[in-house]
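Q:
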Amino acid sequence: MLATVTRGVTHLGSSTLLFPLSALYATLLWRRHSAPLALRWLAAAALGLGVMGALKLFGHGCGLPAFPFLPEDRFVSPSGHAAFATIFYGSVGALAARGTGSPGWRTLILLATVALVAAISISRVLVSAHSTAEVVAGLLVGGSAVALFLWSGRSLPPVRARVPPLLLAAVALGVVGLVRVGDPSFIESGIRAVAVQLRAETGLCPIPRVAVFDHGAYSQPR
């Protein structure tokens, strides 16, 4: 039961779920509020995910330096789940909190958002997909993207968030489906394959003396 719950929580940060939700979220912002707000969110999200892609590519290809706060921890591929969850849920929660007129509701929304992102991040360590350092790095990248989005839209009018029940149902059905059939995302394996190919063709980087990420678990190269 605990393993199933953990998989469900970790899938809340899956790109398979969050990419379509992000497209829907941007559409809702555009249609119900303003095009500038939607474009600012898309730009911040794209920048954050682009940074994550670059870090993963460099990590798999050349290896990353030790993480400053956890120098003894494995640091190969920063957690995309942690970053994407922070970008998506963090932005939604921040806008919802900004649009409410009640300090109590604002605090509750922010606490719920932090709790959700924290649960997803912790689950990545529990399922042995990432180390603590990689999760923290993903959180930092995602948090920076959210901060950039909020800063860029600070002059725009507050958004009164209304979450359609159909959207919540879609999230629930998506997570149930991922738990039952698994996550079909090939992004991590694709980045790793590209990194290996680039290293072989360019010779710019030696083979990194770090752990190899494989199917959600780590093993030391032989």
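All residue numbers in the sequence shown are consecutive under this note's numbering, ending with 223. The beta carbon of each residue, even a glycine, is placed where N, CA and C say it ideally should be. Being a predicted model, the structure only gives us computed values, none of them experimental.
1. Taking DSSP as the reference, what is the three-state secondary structure of Ser227?
2. What is the rounded straight-line gap between the Cα of Ala24 and the Cα of Gly91?
3. Going straight from the alpha carbon of Ala171 to that of Leu19, what length do you get?
4. Use the C-beta contact count for Val6: other C-beta atoms within 10 angstroms, 16 or more gives buried, fewer gives exposed.
5. Compute the beta-carbon to beta-carbon distance between Ala86 and Leu13, rounded to the nearest angstrom, for a pair I have assumed lies under 8 Å.
6. With H, G and I counted as helix, E and B as strand and the rest as coil, what does DSSP make of Thr11?
7. Is there contact between the segment 91 to 107 and the segment 50 to 61, where contact requires at least three CB pairs shorter than 8 Å?
8. Can you tell me which of the three DSSP states Pro166 falls into?
9. How is Pro37 classed by DSSP in three states: helix, strand or coil?
10. From Pro66 to Leu58, what does the alpha carbon distance come to, in whole angstroms?
11. Inspect the beta-carbon positions of His61 and Arg125 and report whether they are closer than 8 Å.
12. Assess, as a yes-or-no matter, whether the segment 148 to 158 is touched by the segment 42 to 49 under the definition of 3 or more beta carbon pairs within less than 8 Å.
13. Does the beta-carbon distance from Ser16 to Ile188 come in below 8 Å?
A: Quick look at the numbers:
1. Nothing about residue 227 can be reported from this structure: the residues present for the chain run from 2 to 223 only.
2. 16 Å
3. 11 Å
4. exposed
5. 7 Å
6. helix
7. no
8. helix
9. helix
10. 14 Å
11. no
12. yes
13. yes
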